[in-house]
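Everything on this sheet refers to the single structure shown next.
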Amino acid sequence: MSRTATEALRALPAVDALLNTDAAAHLAGQYGRQATVDALRTALDTTRVRIRAGDSASTDAASILQEAAAALARRFRPTLQPVINATGVIIHTNLGRAPLSTAAQNAVREIAAQYNTLEFDLEGGKRGSRLIHAGELLCEVTGAEAALVVNNNAAGLVLTLSALAQDREVIISRGQLVEIGGGFRVPDVMTQSGALLVEVGTTNRTRAADYEQAISERTALILRAHASNFRIIGFTESASLDELASIARRHGLYLMDDLGSGALLDTAAFGLDHEPTVQESLAAGADLVAFSGDKLLGGPQAGILAGKKDLIDRLRRHPLARAIRADKLCLAALTATLDHYRRGEALEQIPVWRMIARPLDDIRRAAEAWAAQVGGEVIDGESAVGGGSLPGATLPTALLALTVPRPDDFLAQLRAADPPVIARIAADRVLFDPRTVLEGQEGVLLHILGNLVSSA
Ligand SMILES: *Cc1c(COP(=O)(O)O)cnc(C)c1O
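With the sequence shown counted from 1, adding 181 to any position gets you our numbering.
Here's what the structure looks like:
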């Protein structure tokens, strides 16, 4: 070892000396004393290794404290953290689907912090049922006789098929045996629940008669599943829900409709295709409708089953219902979300609907203001609804397009920002869609962009 290295090692501060600095006191206040001591030791160790290897740069106390601070920040950063979604995909499954309305956030905070009536009947002063929460409100806004909330839609499907079709046959069109994402395949879910799958029709065409011919004495129900994230175009045919309902009635079978997204409002009012609504499915004669809470409903993760009271009662009594029940925070957020529909204020209050309904002019003004501040140009583009609803459907939007030397590196820097920013690249430019950037995130987004652009 060289003399300078020996001297540098000897000159290193002791852990105790580092701990006595204001910077270390601040770290200990933020992360706890033990974690701070550990981080300082590690930083000292790596500094020693560097010095022995002949690198004597940045070995002063300030550098070691800085290294420890960075390591602590990395270690304490939760894996689940907020991000800014500038992708323009409104219901982005990888980014947590629907952000909650202000009222839903407040409801979660209130119920989380206090004891509550989760399973308590205030009138009788005795044990109540958690299964009643959100139930009446769901009936009010969907027109269903009864409703049940479970952990998510996939769980709702497993529960329904287990309760109503175990060891019996379920008829489904080949065009609807889809994989929804994350490896979730409708046929696998059906098999899990012990239902026997009877596929009818072909990938592109299934007629009402195909269902009718497949009915046997072992048939329990007819399932219609939303094709979700893909679309068959061209020479296609499928049976309408009305036709399926009349077949089901004639043969004494149940008809279940897995809507996936579960819109309560008409997407066609915003230039999109018409996404079938929960109300329409029930009115067309579906005995049970299943949908997610965090797709077009715009609420928390949940699976909602709505339909005939006798069926919902059977589902409630099934042992699986206990295993996949919704928690109090979900029920609080869901109730507050549904309340917006009851009050006729969903378009204004529910973030995903506000984004869908946001006028193009307004988005363009935002993109232009961004460009004025950080550079780049405003181009026409498309936002997507996402979340397996309206496959392929887009909304016209205005995008901020930044031309930077290395777009992939720029995206990585955006992801490393605090908070991380998720954007996309097209034609070598980095694109930002104001539609999915929430109010209150704009300032910090522009601050991050301004810093990165000036150092790019
Ligand atoms: C999204 C989706 C599901 C799964 O819903 P989760 O709430 O994510 O479990 C099931 N069926 C269809 C048609 C879907 O689009």
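Idealized CB from N, CA, C, for every residue including glycine.
Values in this document were obtained by computation on a predicted structure and should not be read as measured data.
message: In the DSSP output, which residue or residues are listed as bridge partners for residue 564?
response: 576
task: Could you check what DSSP says for residue 232 in three-state terms: helix, strand or coil?
output: helix
- request: May I have a chain-ordered list of the beta strand (DSSP E) segments no shorter than 3 residues that lie completely inside the segment 470-544?
  value: 484-488
query: I think residue 478 touches residue 443, with their Cβ atoms under 8 Å apart; what is that distance to the nearest whole Å?
result: 5 Å
Reduced DSSP category for residue 435 - H, G, I as helix; E, B as strand; rest coil: strand
task: Examine ligand 1 and report whether any of its heavy atoms sits within less than 7 Å of the Cβ of residue 438.
output: no
message: Would residue 271 pass as an interface residue toward chain C - the criterion being a Cβ-Cβ separation below 8 Å?
response: Reference to chain C is not applicable here, since this structure consists of a single protein chain.
query: Near residue 220, which residues of its chain fall below 7 Å by C-beta distance, leaving aside the five closest residues on each side in sequence?
result: 249, 252, 253
Any non-hydrogen atom of ligand 1 within 7 Å of residue 591 CB: no
message: Are there any heavy atoms of ligand 1 lying less than 7 Å away from the beta-carbon of residue 426, as far as the coordinates show?
response: no
Cβ contact check for the segment 605-622 and the segment 572-582: 3 or more pairs under 8 Å: yes
query: Considering residue 400, what are the terminal residues of the alpha helix (DSSP H) in which it resides?
result: Residue 400 -> not in any alpha helix (DSSP H); beta strand (DSSP E) instead, spanning 400-406.
- request: Identify the continuous beta strand (DSSP E) that holds residue 377 and give its terminal residues.
  value: 377-381
- request: Assign residue 476 to buried or exposed, taking buried as 16 or more other Cβ atoms, counted over all protein chains shown, within 10 Å of its Cβ.
  value: buried
- prompt: In terms of DSSP beta bridges, what is residue 458 paired with?
  reply: 444
- prompt: Between the C-alpha atoms of residue 296 and residue 574, what's the straight-line distance to the nearest angstrom?
  reply: 44 Å
query: Can you tell me whether DSSP reads residue 603 as helix, strand or coil?
result: strand
query: How about residue 472 and residue 440: do their beta carbons lie closer than 8 Å?
result: yes
message: Check whether the segment 598-606 and the segment 542-553 are in contact - that is, three or more C-beta pairs closer than 8 Å.
response: no
- prompt: Run through DSSP, which three-state label would residue 369 get?
  reply: helix
query: Hey, would you say the C-beta of residue 462 is under 7 Å away from at least one heavy atom of ligand 1?
result: no
query: CA-CA distance, residue 536 and residue 202?
result: 49 Å
message: If I measure Cβ to Cβ from residue 456 and keep anything under 7 Å in the same chain, skipping five residues before and after, which residues do I get?
response: 442, 444, 448, 477, 570, 571
- prompt: Any heavy atom of ligand 1 within a distance shorter than 7 Å of the CB on residue 441?
  reply: yes
query: Can you tell me whether DSSP reads residue 393 as helix, strand or coil?
result: helix
- request: Kindly indicate the opening and closing residues of the alpha helix (DSSP H) around residue 629.
  value: 623-636
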